[in-house]
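Going down the list, the protein sequences come from chains W and X. Counting from 1 along the first sequence, just add 1 to a position and that's the residue number in the numbering used here. Counting from 1 along the second sequence, just add 908 to a position and that's the residue number in the numbering used here. Backbone N, C-alpha and C define an ideal beta-carbon position, used for all residues, glycine too.
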Amino acid sequence: TQLLEQSPQFLSIQEGENLTVYCNSSSVFSSLQWYRQEPGEGPVLLVTVVTGGEVKKLKRLTFQFGDARKDSSLHITAAQPGDTGLYLCLTGGGNKLTFGTGTQLKVEL
Amino acid sequence: DAGVIQSPRHEVTEMGQEVTLRCKPISGHNSLFWYRQTMMRGLELLIYFNNNVPIDDSGMPEDRFSAKMPNASFSTLKIQPSEPRDSAVYFCASSFSQVPTGELFFGEGSRLTVL
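See the structure below:
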């Protein structure tokens, strides 16, 4: 089973700041997804990246897939309180689906 | 359209009691997953069904846990007997196409507390 390490584990910032969270593995990803989980709810898909070096943008969120497909990052510009949540990366397939350890983000006013 | 529906949302029980969690996947989805989430261990895959057939239950903690999917629209996760260390949020998720290129849709979870 592929192990996914996310960093940082916790992040508390002020509204308007920028931040980057990371998802790393010693193995090559076939493809990777980022999910966000809000309190009391299940994770919700943000993006899927497939190609090494791929960059995808979703409003203030920028996702990058490493050239070697062993790492990915999520950058948030001008964070807002609504961005608060647990950010999870996911890779694998079928019964080998593995979630990362998660980054808990809190954006304060 | 209805998403993945789980019940109960909250369950408080005493050690030794049987617990049954229920899940209705999104219609048309052919894969169903049961996950357990705790602060210490994060999201752990317990079991994965494809076309109602259990493909891999290696994530099931021990014989006290069992899961069934009698048809495409219903699955259960049973814990018997329950123990305090089983306290967690249990999520059911379904998908149509192969994940992680396809999307995994989660229910709102069942929060289990075993006293």
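Own chain residues within Cβ distance below 6 Å of residue i, not counting five before or after
| i | result |
| --- | --- |
| serine 32 (chain W) | Val51 |
| serine 74 (chain W) | Thr21, Tyr23 and Gln65 |
| serine 1002 (chain X) | Val912, Pro933, Ile934, His937, Leu940 and Phe1013 |
| phenylalanine 100 (chain W) | Leu89 and Leu91 |
| lysine 976 (chain X) | Thr984 |
| glutamate 922 (chain X) | Leu1023 |
Interface partners of residue i on chain X, CB under 9 Å
| i | result |
| --- | --- |
| leucine 89 (chain W) | Gly950 and Leu951 |
Proximal residues of chain X, C-beta to C-beta of residue i below 7 Å
| i | result |
| --- | --- |
| phenylalanine 100 (chain W) | Gly950 and Leu951 |
| proline 44 (chain W) | Phe1014 |
| glycine 103 (chain W) | Gly950 |
Nonlocal neighbours in the same chain, by C-beta distance under 7 Å from residue i, ignoring five residues either side
| i | result |
| --- | --- |
| glycine 1017 (chain X) | Gln914, Val997, Tyr998 and Phe999 |
| serine 974 (chain X) | Lys986 |
| proline 916 (chain X) | Ser1018 |
| glutamate 1011 (chain X) | Ser1003 |
| arginine 61 (chain W) | Ile77, Thr78 and Ala79 |
| threonine 946 (chain X) | Ala996 |
| arginine 972 (chain X) | Ile987, Gln988 and Pro989 |
| arginine 949 (chain X) | none |
CB of residue i within 8 Å of CB of residue j, strictly
| i | j | result |
| --- | --- | --- |
| proline 9 (chain W) | threonine 92 (chain W) | no |
| glutamate 109 (chain W) | glutamine 7 (chain W) | no |
| leucine 59 (chain W) | valine 48 (chain W) | yes |
| serine 13 (chain W) | lysine 107 (chain W) | yes |
| glutamine 38 (chain W) | cysteine 90 (chain W) | no |
| threonine 148 (chain W) | leucine 5 (chain W) | With chain W covering 2 to 110 only, the question about residue 148 (chain W) has no answer from this structure. |
| glycine 924 (chain X) | proline 969 (chain X) | no |
| glycine 53 (chain W) | glycine 67 (chain W) | yes |
Same chain only: Cβ atoms within 8 Å of residue i, ignoring 5 sequence neighbours per side
| i | result |
| --- | --- |
| lysine 71 (chain W) | Asn25, Ser26, Ser27, Ser28, Val29 and Phe30 |
| serine 981 (chain X) | Lys932, Pro933 and Ser935 |
| proline 992 (chain X) | Met923, Val1022 and Leu1023 |
Residues that residue i contacts on chain W, provided the C-beta gap is smaller than 8 Å
| i | result |
| --- | --- |
| glutamate 919 (chain X) | The premise fails here: glutamate 919 (chain X) is roughly 15 Å from chain W at the closest Cβ pair, so nothing lies under 8 Å. |
Under 7 Å from the C-beta of residue i: neighbouring residues of chain W
| i | result |
| --- | --- |
| serine 1017 (chain X) | For clarity, residue 1017 (chain X) is glycine in the given sequence; the question names serine instead. Simply Gly43. |
| glutamate 1011 (chain X) | Leu46 |
Proximal chain W residues relative to residue i, where beta-carbon distance stays under 9 Å
| i | result |
| --- | --- |
| phenylalanine 999 (chain X) | Gly43 and Pro44 |
Segments assigned beta strand (DSSP E), at least 3 residues, entirely inside the region 40 to 68 of chain W: Given a length threshold of 3 residues, each whole run of the beta strand (DSSP E) inside the region 40 to 68 of chain W is given here in chain order: 45 to 50, 56 to 59 and 62 to 66.
Segment contact, 8 Å Cβ cut-off, at least three pairs: the region 934 to 945 of chain X with the region 955 to 962 of chain X: Contact holds: three or more Cβ-Cβ distances are below 8 Å.
Contact between the region 911 to 928 of chain X and the region 68 to 88 of chain W (3+ Cβ pairs under 8 Å): Contact between the region 911 to 928 of chain X and the region 68 to 88 of chain W is absent, because fewer than three Cβ pairs lie under 8 Å.
Residue ranges of each beta strand (DSSP E) within the region 931 to 1005 of chain X, 3 or longer: Counting whole runs of 3 or more residues, the region 931 to 1005 of chain X contains the beta strand (DSSP E) stretches 939 to 946, 950 to 958, 961 to 964, 973 to 979, 982 to 987 and 996 to 1003.
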